[in-house]
Every structure is written in structure tokens, then in C-alpha cells.
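What follows is a set of notes on a single structure, which appears directly below.
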Amino acid sequence: MAVKVSLCMIVKNEGQILRRCLNSVSGLVHEIIIVDTGSTDSTCEIARQYGAIIHHFLWNDNFSDARNASLALAQGDWILFLDADEEISPESREILSRLVENETVEGYFVKIMNHLGKEGWIETVPDLVFRLFRNKKEYRFRGAIHEQIADVILEKNPQARYQVAEGLILIHHGYLDEVIREKDKKLRNLTLIEKELAQNPTNRLLQYHYGVELFRAERYAEAAAVLIKSANDLDPNTIYLPKLLRYIVMAQHSSGQLQEALHSATLGLKFFPNYADLYYYTGLILLDLKHYSQARNAFLQALSMPEQPPQYASFAGIRGFRSYYYLAQISESFMDEEEALKYYLYSLRDNPNFTHALESLVGILKPTKEPEYTMECLEKVCDFCTPAANRLMGDIYFRHGAYGLALKYLDQAEDGFPVSADIKLRKAICLIQERRFFEALRLLEDFPPESPEYPIATVNRLFYFWIQDKSQKVRTLWNELHAFGLAQDTENVISLFLAYSGKNAASPQIILGPEGMLLLLDIVQRLIAMREFNRAMYFLHSLHPNCLIEYYLKIAQLFIAYSEESRAILFLQTLIRTNPSAEAHFQLAEIYSQLGQLTEAENHYKHAVDIDPETPRYYIRLINLYTAWRRNILNEALAKYPENYVFKKLSEEVSSSHERAD
């Protein structure tokens, strides 16, 4: 006689996702029990289409009561519990029938793949959950939230035997950011757990779940305290202990308790020496502490770990793209760009969708200074054969201010596909930057007044006419923008286009907040990219000095990005006089070094080291300078005393050390 399985679910307003779940179990279960806690959408109608038995339940803030109501109706030999935002993976459909035929097992822990993140960036985290067990009347759930039944079964039947359901995989979509926002799970879960903890204050599992919910609510210090309380004297064989220890480390790290987090990670590795996540978070903590060599070793350890067991719930990419990414970051800190490029490429090969690595890789290649070289390098190692890939590269180049490259890839992103409004707007901006004015204007005039992008398109039309000194057009568009009711900062910035009267235009000295500065600096960047330096300086001189001073470094970096280092010097020197910073000294030293003014470069490198002695690249550049200086002095000495054995010997030593460094 065939073993029967009852699918039991509790639902409320799950009409958008219920079909996915029920389709995944079609033909696998013998009955579907739906406990509905107050749906007002199509949930019940959809459930009936699948032959479900529907029981309406008055919600009482207790998940166990609702689950037990479904158990009371189930007639199968086994119970399978799913939530509406879950499904059985297609490749594991055939496994279920074999599992329930095992007469020696009372229940199964099932591997579940939690999809986390947001649209455009989703990652997968595995876990183990107890979802398949024999249907007996004495087996009932307990707990208002994060309800449990595995412990109850063992209490009722101490001889009960559990196994991991090898091959059976559930997929959980409910932790995606948009789903959490829609259901407000964080607030709901905290409220329910707090109620239950008031009745069971010593329940360690409840404390663990409460700590996790506090962490998700970004109440990190509270989460750490609760999780530590849950972990103290916990049985080392507890199935959720690895996750508990990781959450302690994460909560302490996120709340700034770096030394405590490092201690917790070290302690956790004594219990679970192959836990890759603990090595990874050790690396992050050490990186924050600027212990670079130890951090590097920790990331390498994470990469070397074996396949992680499901109960570790190891985060995606810990043994791959995430650790590679931070190894690249460390290499960049030591000015080892070749090593950094290698690790960024490893990261991308492990996960081509990990755009942080691609963005950083582009930054190293300096696309605003060497666009052709950047494109050539990337196309050797990356495949941009799809519209989505070209759109991604177009967006990255656009953010880096490499407008010509951005335009090339955004053009390719259109092949055979409708052009979205945001791509059209970016293309129009790039066309202006490339001085392809008529093409840009056609795109900008294509936005109807009712479109959300119309105000931004109008600002760019105004910019377009202003660059061409068409003052009447500028005033007409300014009046149109003014009628929109712009924010004060935005209006102040746009007004500067009207006030400009040419090369020697007077500057009005305005004060802007952060949003206004963001807009003004974007305009300045575009003007620098177009080599419209007088216009760029007009905008900068229009700011009150008190408003401008904190942006001197950023402005200097904009000039440097477009190979205008000589124009950056003034801003860096002014910053050093008013508010010295290590990075300002370093950037100035880099410029002087390129200009061959080594004494000035040395002076500023040393100031950078004095102000911030924990940044490796300052030392490295100073060492490189001294090495180059020594080589130059030796060459001068050899030119004057070509046969002198002392200078020859020193020259050989320098050449030998240079070869070893290479």
C-alpha cells in the first residue's frame, strides 16, 4: 500500500505566489490542507483549483496554533510543511517518495535554499529545516513564531530517529527585500517573539531567533547581547550553534565591537575549525582593524575550506567571489594593481553577476584617462555578448565619467530591444559629452512632459543650450523648470546657468546643502570631461568658500581623473593650508612625482605618512620614490665616474633588487 503524504500550509493573501508552490508539489502529495488566516485576495480560489481542503482560522498571533489546525485535518502517513513563498526544486521531485518509504526514520531535516537580496542582485544561502515527519496525533507544534516540532517529537518518542533528506531541496523566496517590505516581517516577527519571550524568558531557541530578528532590524548591539546569552553553555551539538556563533560575530562587527567580534570568531573556530564564514568575517574584522596581512590570511583560509555542511548555512561566495574581492582590495591597499586585477578576475569568474568586482576592476584601469586600453583589457577577459551585459558596462562607465565608452556599450545594449527611458537619458548625456549635440537634442525632446524623466531631460536640454551660448533658450527652459517647483538647492544650482555671462563672469557665492553639491559637482565633472575649464571654474567660484572647503579633495580628484593634474594642485594646496589631510598630501605628492619634482613629492609623502601611519600605500610610494631617486643619483655618478668600482657595485645591487621586485 502506497505511503501517503499530506501537504500542510498556513496562508494569508498569497494569491501572487501560491501557484508556484502548489505546482511544485503537483503529483507528489496526496492531499493539500490549507489553513487560511484571513485572505482577502484570490488565495482560496487558487487553492481550490488544486483540490485543497480549506480551513478558515481566526488569527491569534500564534503560528503553532494555525499549523496544528492543519495537522488535525491531515489524513496522510507523513506531513510535508511548506510556506507559500517556498517550492520544491524541480530536480528533487523524485526524492520525496523514496524518503517516506524508510520505516526507520521519524522525520527529516530538509535543505532549504534561501534567496536573499533585491531585484538585480540575489544571492542564495542554504540552511536545514525540519519539514517532513510522520503524522501522529501526539506530534504538535509549539511556539508562537519560529514554531518547532522536532523537539516535541523527541519528547513524545525518545527513540525517534532523524535524518537529513539527501537530495530533497526547498527554495525559499520570502527573504527577498521586496517581499520583506511588503509583509513587514521584521516588525511582525519582533513583536511576536517578544510576547513569547515574556512567557518563556529562558528558552534558548527563542533567544536565538530574537537575536536574529534584532540583527535584521539593524539593532546590532542588542542582537549581540541576546545572541551571547543564548549561546552561553549551549550544547556544542546543537544544530543551529554554527549559525548562532556567526550571528554573534556579525552583530558585534556591525555594532563596532571589533575586538569582541574577533574574540567570538576565534572561539567559534575552535568549535568549527572548517567554518568558512567565520574565517571570512575574521578577515573583514582584521581589515577594519588595518591588520592587512592577518586579514589576507583569513580570506585565504576561507577560500581553502571544504564544502560546507547545510547546518552551517554558509553564505554564497564565502569560498569564492567574496573572499577574492577582499583579497583584491588588500592588494590595492598595497599598490599591487597586478595582484588586485588577478583577484578581481577570480571574483568575476566565480560570480559574473558580482558587479562590485567589475566596478573596482574598471577603476584600476582608469577609463577616463585610457579609454581604449580599458576597453581592450576588459574585452579580453569578459564576454559582453548580451544586451544586459552591455547595459551593465554602459552604466559602470557612465558612473566613472567615461562617457564615450558608456555610449558605445549603451548603443550595443539596444540591439533588438526597446530602449528604456533611463538608457535614453544616459545616452543623451553621453552624446552631449561627445559634442554630438543634434543627436542628443533629438533624444531629449522625445521625453513627454508627463514622464518621470522629463525634468532631468529638461535640465540637460538647458545644459545643451548653455554650452552653445544660446542664452534665450536657457532662460526659456529655466522658466519651465522654475514652474515645476524645484527644491531650493536645485534651483540655486540651475540659476547659475542664467548668471553666467562668459569667460569673466562674476560669481554669486551661494551656499548649498549636500543634494545641491551633488548636482553641482556632477555638472563640474561633465564640464571638466568636455575640457570646458573656464565654465567649470565659474561653477566652483560661485560657491561660498565655507561651503566649498570640504569638497576640495573631491574636486582635485575630478581634475586628476581627466589628466588635468596641474589644475588639481591649487585645490590640494588650499586644502592642506586650511585642513591638512593625509590623502591631500598623498595626491599632491603623486602629482609632483609625475612632474619629476622629487623633493616636493618626498615632502608630501612624508606628511601623508605622519598624518595617517596606518595606510600602506603612503609608505610604498615613498619607498618607490627613494628607489627611483637612488637609481637617478647612481646614474649621475656613473656618468661622471664610469670606471669607479663602488658605483658599479651599487648599481648592480640596485638592478638586482629591482629584478627581484619584478
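Counting in this note's numbering, the sequence shown runs from 284 upward without gaps. Just so you know, even glycine gets a beta-carbon here, dropped at the ideal spot from N, CA and C. Source: prediction; values computed, not measured.
Rounded to whole angstroms, Gly539 and Leu644 show a C-alpha spacing of 29 Å.
Counting along the chain, the unbroken beta strand (DSSP E) around Phe364 starts and ends at 361–364. Within 10 angstroms of the beta-carbon of Ile794 lie fewer than 16 other beta-carbons, which makes it exposed. Listed as beta-bridge partners of Pro409 by DSSP are Met396. Per DSSP, the beta bridge partners of Leu290 are Ile315, Leu363. It is roughly 25 Å from the alpha-carbon of Lys469 to the alpha-carbon of Ser325. At the C-beta level, Val288 and Asp360 come within 9 Å of one another.
Taking a 10 Å sphere around the C-beta of Lys932, we find fewer than 16 other C-beta atoms and assign the residue as exposed. With at least 16 other beta carbons inside 10 angstroms of its own, Ile601 counts as buried. For Gly603, the CB contacts under 6 Å within the same chain, skipping 5 residues up- and downstream, are Asp633 in chain order. Here Arg414 is actually not in contact with Leu356; their C-beta atoms are around 18 Å apart, not less than 8 Å. Among the bridge pairs identified by DSSP, Phe416 is matched with Ile362, Gly390.
With fewer than 16 other CB atoms across the displayed protein chains lying within 10 angstroms of its CB, Thr474 is exposed. Looking at Ala812, His429, Phe746, the one whose alpha-carbon comes closest to that of Phe780 is Phe746.
In the DSSP assignment, Val447 forms a beta bridge with Phe392. It is roughly 7 Å from the alpha-carbon of Ile432 to the alpha-carbon of Tyr422. DSSP, read as helix, strand or coil, puts Leu826 in strand. The alpha helix (DSSP H) runs of length 4 or more contained entirely in the segment 747–795 are, from start to end of the chain, 754–766, 771–782. For Glu936, there are no CB contacts under 8 Å within the same chain when 5 residues up- and downstream are skipped. Distance from the CA atom of Gln584 to the CA atom of Tyr563, rounded to whole angstroms, is 8 Å.
With respect to the 9 Å criterion, Glu885 and Ala872 are classified as neighbours on the basis of their beta carbons. Of the candidates Glu314, Ile395, Glu479, Met396, the residue whose Cα lies closest to the Cα of Asn343 is Glu479. For Leu826, same chain residues with a beta-carbon under 6 Å away, outside a window of 5 residues either side, do not exist. With fewer than 16 other beta carbons inside 10 angstroms of its own, Cys668 counts as exposed.
If you look at Glu370, you'll find it in the beta strand (DSSP E) that goes 369–371.
Burial is judged here by how many other beta carbons sit within 10 angstroms of a residue's own beta carbon; Arg444 has fewer than 16 and is exposed.
Assigned with DSSP and collapsed to three states, Arg502 falls in coil, not helix or strand. Cys304 is positioned such that its CB atom lies closer than 9 Å to that of Asp366. Taken atom to atom, the span from the alpha-carbon of Glu848 to that of Leu714 is near 26 Å. Distance from the CA atom of Gly785 to the CA atom of Ala704, rounded to whole angstroms, is 34 Å.
Per DSSP, reduced to three states, the secondary structure at Leu878 is coil, with no helix or strand assignment. Counting C-beta pairs closer than 8 Å gives three or more between the segment 646–654 and the segment 682–696, which meets the contact rule. Taking Phe416 as reference, the option from Leu399, Gly390, Pro441 with the minimal CA-CA separation is Gly390. About 13 Å separates the CB atoms of Leu823 and Leu836; that is not less than 8 Å, and the two are not in contact. With contacts defined by Cβ atoms closer than 9 Å, Ile706 and Val742 do not form a contacting pair. Looking at the DSSP output, His639 sits in no beta bridge, so it has no partner there.
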